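Protein chains in written order, with our numbering: chain A, 1 to 101; chain B, 1 to 427.
Even for Gly, the Cβ is constructed at its ideal location relative to N, Cα and C.
As the structure is a prediction and not an experimental result, all values here were calculated from the model.
Reviewing the structure listed below.
Below you can see the structure in the form of structure tokens.
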């Protein structure tokens, strides 16, 4: 839990993912399109992965991955990210972290 | 036949709402008319019954020249016994409170009636108990009445012919649709069976989930159709925004209902949902992860919504863009999933007989497909919701109408395509 909390307080966009998860891949693609490079933590490649998964669930994520935090606050999973984006609320949140090459 | 030796006694009632009333108003019950000896063609006589009965039997009778005595033949309309008819007719009259009703019935029909087709659902004749001649009516008035009734009879013959033709066409159409449905169903079950081939134990559950969905979906389409028709008439009728809002809410809710249904059946068999066999062929052509593309939805809706305010145009533009981005992301995720499953299934040495590990691993990965279908439906739902937020009630109603009509037309296209004449086979 500590590790997760520490990681989420990192500045910017944090994405908890699994390398095998294709839905996580879709979220990564979306951020890429929006000009954002999130800090990605592949919890299936982390020795403490199991714990992190449990911690994420406890934080309120229905599925442990993908889990998106922006500026330390939990945005949610794919559902929430998509809803936010279609509602026009995602881009304002990402603006400080956008970098278009 | 109790009445067969009596002279022709024919009493025909016709009250055909548009035409017949004037023709019969001056005739009283109990009137009797002898047919002219050389009257070979159809003849109809109508009598007035000064009652409030709206419709009664309509008969065409004809008297063959060659038979001196009236023939009594059962008509195709089902009158076989005058006694029986007396009972029915009497009751009918009782309920109308007509004091002039007679209690005996005479039916004369000719064999020619078998081929005639004017009839309503009632087939009752009545006649007076007394067969007294009525001497006071002038002849030409009678002739005029007869002519009017001939005309009315002719018109109703034509009407019935047209109606029957229409029924026949509808019947054929129905048979075609049933056949198509049967084919599609079999296709669906087959695909479900083949894909779940190794899950012999589960196949019962899978099929029942699919069967339940198919039934529900059939009903869903019917309700959808009704809603569209209602929207159409309502939009033309200028009802209040509040009432229109109710229709809009229920229309959107109806789509949400579909997404719920799909979520349930996706758990039972995700391949069934993705394959789109539950949809018509033209709809399937546009299928994206088990349903319509959200961006497609916007393309269909937006042209129908003019005029939009500047603010609305901006918001719709943003929605289009974010929708497209989300769609692209999911599409690429799906591609990644395909690659993953494919490489898993193909992996491992092919000279080994056992492929179980590969297939088992691939199975795990396929679980993700359910999430993708749910996510795609979520995107569709969210798109609808956003549009509903951006638009006014009236615009939203027009949008729902446009969308519903679009899918309705795609379904019609599918039927048309399925019933097109077969191409001539090559020599």
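Point to revise | residue 136 of chain A, DSSP secondary structure in three states | key: The requested residue 136 of chain A is not part of the displayed model; chain A covers only 1 to 101.
Check your understanding: Using Cβ-Cβ distances below 8 angstroms, what residues of the region 252 to 272 of chain B are close to chain A?
Key -> none
Review point. Do you know whose CA, among B/338, B/327, B/308, lies nearest residue 296 of chain B's CA?
Key: Position 296 of the second chain, counting from 1, holds the residue named residue 296 of chain B. Measuring from the Cα of residue 296 of chain B, the nearest candidate turns out to be B/327.
Check your understanding: In whole angstroms, what separates the C-alpha of residue 246 of chain B from that of residue 68 of chain A?
Key -> Counting from 1 along the second chain, the entry for residue 246 of chain B is found at position 246. Counting from 1 along the first chain, the entry for residue 68 of chain A is found at position 68. Distance between the alpha carbons of residue 246 of chain B and residue 68 of chain A: 37 angstroms.
Review point. What does residue 53 of chain A touch in chain B if you count any residue whose Cβ is under 9 angstroms from its own?
Key: Here residue 53 of chain A refers to the residue found at position 53 when the first chain is read from its first residue. The premise fails here: residue 53 of chain A is roughly 16 angstroms from chain B at the closest Cβ pair, so nothing lies under 9 angstroms.
Review point. Can you give the Cα-Cα distance for residue 95 of chain A and residue 27 of chain A, rounded to whole angstroms?
Key: As a first step, residue 95 of chain A is located in the first chain; it is residue number 95 there, counting from the start. As a first step, residue 27 of chain A is located in the first chain; it is residue number 27 there, counting from the start. Cα-Cα distance, rounded: 17 angstroms.
Check your understanding: Does any residue of chain A bring its CB to less than 7 angstroms from the CB of residue 382 of chain B?
Key -> Mapped onto the second chain, residue 382 of chain B falls at position 382. Output row for residue 382 of chain B: interface = yes.
Review point. In chain A, which residues lie with their C-beta within 8 angstroms of the C-beta of residue 292 of chain B?
Key: Against the second chain, residue 292 of chain B aligns to sequence position 292. Neighbours of residue 292 of chain B on chain A: none; closest Cβ ~16 angstroms, over 8 angstroms.
Check your understanding: What is the DSSP secondary structure of residue 303 of chain B, reduced to helix, strand or coil?
Key -> Along the second chain, one-based indexing puts residue 303 of chain B at 303. If DSSP states are grouped into helix, strand and coil, residue 303 of chain B belongs with the helices.
Check your understanding: So what does residue 238 of chain B bridge to, in DSSP terms?
Key -> For the purposes of this step, residue 238 of chain B is identified with residue 238 of the second chain, where counting begins at 1. Paired residues: none, contrary to the question.
Review point. Would you report the Cα separation of residue 86 of chain B and residue 147 of chain B, rounded to the nearest angstrom?
Key: As a first step, residue 86 of chain B must be located in the second chain, where it is residue number 86. As a first step, residue 147 of chain B must be located in the second chain, where it is residue number 147. At residue 86 of chain B the pLDDT is 38, less than 50, meaning the model places this residue with poor confidence and gives no usable figure here.
Exercise for review: Could you work out which residues of chain B lie near residue 15 of chain A, taking near to mean beta carbons separated by less than 7 angstroms?
Suggested key: Position 15 of the first chain, counted from the first residue, corresponds to residue 15 of chain A. Those do not exist, as residue 15 of chain A stays about 13 angstroms from chain B at its closest Cβ, beyond 7 angstroms.
Point to revise | Beta-carbon neighbours of residue 386 of chain B, restricted to chain A and to distances below 8 angstroms | key: Numbered from its first residue, the second chain carries residue 386 of chain B at position 386. Those within 8 angstroms of residue 386 of chain B in chain A are 86, 87.
Review point. Taking C-alpha atoms, which residue in B/371, B/177, B/252, B/277 lies nearest to residue 386 of chain B?
Key: Working through the second chain from its first residue, we reach residue 386 of chain B at position 386. Of the listed residues, the one whose Cα sits closest to residue 386 of chain B is B/252.
Review point. Taking Cβ-Cβ distances shorter than 8 angstroms, what residues in chain A pair up with residue 332 of chain B?
Key: As a position in the second chain, residue 332 of chain B is number 332, starting the count at 1. Those within 8 angstroms of residue 332 of chain B in chain A are 25, 26, 29.
Review point. With distances taken from CA atoms, which of B/259, B/286, B/291 is nearest residue 438 of chain B?
Key: Any property of residue 438 of chain B remains undetermined from this structure, which presents chain B solely from 1 to 427.
Review point. So, helix, strand or coil for residue 278 of chain B, using DSSP?
Key: Against the second chain, residue 278 of chain B aligns to sequence position 278. Reduced to three states, the DSSP call for residue 278 of chain B is coil.
Check your understanding: Helix, strand or coil for residue 271 of chain B per DSSP?
Key -> If you number the second chain from 1, residue 271 of chain B lands on position 271. Three-state result, residue 271 of chain B: helix.
Practice item. At 7 angstroms on the CB atoms, spell out the chain A contacts of residue 336 of chain B, in chain order. Key: Counting from one through the second chain, the residue named residue 336 of chain B turns up at place 336. The contacting residues are 22, 25.
Exercise for review: Please check if any C-beta of chain B sits within less than 7 angstroms of the C-beta of residue 83 of chain A.
Suggested key: Numbered from 1 along the first chain, position 83 holds the residue referred to as residue 83 of chain A. Closer than 7 angstroms: yes.
Exercise for review: Closer than 8 angstroms by C-beta to residue 286 of chain B: which residues in its own chain qualify, once you throw out the five before and the five after it? Chain order, please.
Suggested key: Counting from 1 along the second chain, the entry for residue 286 of chain B is found at position 286. Once the five neighbours on either side are set aside, the close Cβ partners of residue 286 of chain B are 292, 293, 296, 410.
Check your understanding: DSSP on residue 138 of chain A, reduced to helix/strand/coil?
Key -> Here chain A has residues from 1 to 101 only, and residue 138 of chain A is not among them.
Check your understanding: If contact means a Cβ-Cβ distance below 9 angstroms, which residues of the region 391 to 403 of chain B contact chain A?
Key -> none
Point to revise | Coil, strand or helix - residue 67 of chain A by DSSP | key: Counting from 1 along the first chain, the entry for residue 67 of chain A is found at position 67. Strand.
Point to revise | Candidates B/316, B/288, B/318: closest to residue 369 of chain B by CA position | key: Walking along the second chain from the start, residue 369 of chain B turns up at place 369. That would be B/288, whose Cα lies nearest to the Cα of residue 369 of chain B.
Review point. Residue 258 of chain B: which of B/232, B/159, B/219, B/284 sits nearest, CA to CA?
Key: Working through the second chain from its first residue, we reach residue 258 of chain B at position 258. Nearest C-alpha to residue 258 of chain B: B/219.
Check your understanding: Along chain B, in chain order, which residues have C-beta atoms closer than 7 angstroms to that of residue 78 of chain A?
Key -> Reading the first chain from its first residue, position 78 is the one you call residue 78 of chain A. By Cβ distance, chain B contributes 375.
Check your understanding: At which residues does the alpha helix (DSSP H) containing residue 336 of chain B begin and terminate?
Key -> On the second chain, position 336 is the one that residue 336 of chain B refers to. From DSSP, the alpha helix (DSSP H) with residue 336 of chain B extends over 310 to 346.
Review point. Where residue 276 of chain B and residue 2 of chain A are concerned, what is the direct C-alpha to C-alpha distance, given to the nearest angstrom?
Key: Here residue 276 of chain B corresponds to residue number 276 of the second chain, with the count starting at 1. Here residue 2 of chain A corresponds to residue number 2 of the first chain, with the count starting at 1. Going from the Cα of residue 276 of chain B to the Cα of residue 2 of chain A covers about 45 angstroms.
Check your understanding: Using CA coordinates, which residue listed in A/76, A/36, A/65 is at the minimum distance from residue 12 of chain A?
Key -> To locate residue 12 of chain A, count along the first chain from 1; it is residue 12. For residue 12 of chain A, the nearest C-alpha among the options comes from A/36.
Review point. Any idea what DSSP makes of residue 73 of chain A, helix, strand or coil?
Key: For the purposes of this step, residue 73 of chain A is taken as the residue at position 73 of the first chain. Strand.
Review point. Around the C-beta of residue 317 of chain B, are 16 or more other C-beta atoms found within 10 angstroms, so that it is buried, or is it exposed?
Key: Taking the first residue of the second chain as position 1, residue 317 of chain B is located at position 317. Exposed: under 16 other Cβ atoms inside 10 Å.
**Study point:** Burial state of residue 229 of chain B (16 or more Cβ within 10 Å)
**Key:** Stepping through the second chain from its first residue, residue 229 of chain B is reached at position 229. Classification for residue 229 of chain B: exposed.
Exercise for review: Taking C-beta pairs closer than 8 angstroms, name the residues in chain B that residue 33 of chain A reaches, listed in chain order.
Suggested key: As a position in the first chain, residue 33 of chain A is number 33, starting the count at 1. The contacting residues are 325, 328, 329.
Exercise for review: Examine chain A for any beta-carbon lying closer than 7 angstroms to the beta-carbon of residue 510 of chain B, and answer yes or no.
Suggested key: Absent from the structure is residue 510 of chain B, since the part of chain B shown begins at 1 and ends at 427.
Check your understanding: Comparing alpha-carbon positions, which option in B/249, B/150, B/413, B/424 lies nearest residue 279 of chain B?
Key -> Position 279 of the second chain, counting from 1, holds the residue named residue 279 of chain B. Ranking the options by Cα distance to residue 279 of chain B, first place goes to B/413.
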